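Numbering (this note's numbering), first residue to last: 163 to 300.
A virtual CB, placed ideally from N, CA and C, is assigned to each residue, including glycine.
The structure displayed is predicted, hence computed values, not measured ones.
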Amino acid sequence: MKLKYKAMVLSCMDPRFQPIVYNYLKKKKLIGKYSAFTIAGSAIGVTAGKFKKWHRTFWDNIDTSIKLHKIKKLIVINHRDCGAAKIINGKKEFNRVNETKIHKNSFLKLRKLFRKKYPKLTIELKLISLNQKVENLR
Numbered sequence: 163m164k165l166k167y168k169a170m171v172l173s174c175m176d177p178r179f180q181p182i183v184y185n186y187l188k189k190k191k192l193i194g195k196y197s198a199f200t201i202a203g204s205a206i207g208v209t210a211g212k213f214k215k216w217h218r219t220f221w222d223n224i225d226t227s228i229k230l231h232k233i234k235k236l237i238v239i240n241h242r243d244c245g246a247a248k249i250i251n252g253k254k255e256f257n258r259v260n261e262t263k264i265h266k267n268s269f270l271k272l273r274k275l276f277r278k279k280y281p282k283l284t285i286e287l288k289l290i291s292l293n294q295k296v297e298n299l300r
């Protein structure tokens, strides 16, 4: 039986969010139809200079997923109360405004790089909170 993959999902390694991400993807009927790449900070981990050593691993992984699984979409799931966002924030007060800005910046940078490298593929950017509320950041 040949599986039809639809997407690659980039999400965070935070154990609190694993069931939330799973439930979100289940509602979208994607279970068994995506490749997964899980890394601290999700989009933050693959765009922030602080984590530069991780970036190439992500791009190599998505190249492989495109070749092997013929994916057509990247779904990026960041989350609230993110430890990587706290690291990027540094010693400044960490609040919802600062955190949202960090997530938005990571999304903007990733979207730009992704569209340049894969103009025919689509990208979805989601921010999920512990209460499972899903936000679309633009």
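Membership of Tyr184 in any beta strand (DSSP E) is not indicated; the residue belongs instead to the alpha helix (DSSP H) covering Gln180 to Lys189. Annotation for Asp243: Leu292 place their beta carbon closer than 7 Å to its own, counting only its chain and skipping 5 residues before and after. Linking Lys168 to Pro181 through their CA atoms gives a straight-line distance of about 20 Å. Setting aside the 5 residues that flank it on each side, Ile237 is surrounded in the same chain by Ala169, Val171 and Glu286, each with a C-beta closer than 6 Å to its C-beta; the list follows chain order. Relative to Tyr280, the option among Ser227, Arg178 and Ala198 whose CA is nearest is Ser227. Distance from the CA of Tyr196 to the CA of Lys232, rounded to the nearest whole angstrom, comes to 10 Å.
Going by DSSP, Ile224 is part of the alpha helix (DSSP H) stretching over Lys214 to His231. Nearest C-alpha to Trp216 among Thr200, Lys229 and Leu230: Thr200. Annotation for Thr200: the continuous beta strand (DSSP E) segment containing it runs Tyr196 to Thr200. For the stretch 225–287, the continuous alpha helix (DSSP H) assignments of 4+ residues that do not extend past its boundaries occur at 245–251 and 258–279, in sequence order.
Following the DSSP letters along the chain, one finds Asn298 inside the beta strand (DSSP E) bounded by residues Val296 to Asn298. When only Cα atoms are considered, Asn260 and Ala247 end up about 9 Å apart.
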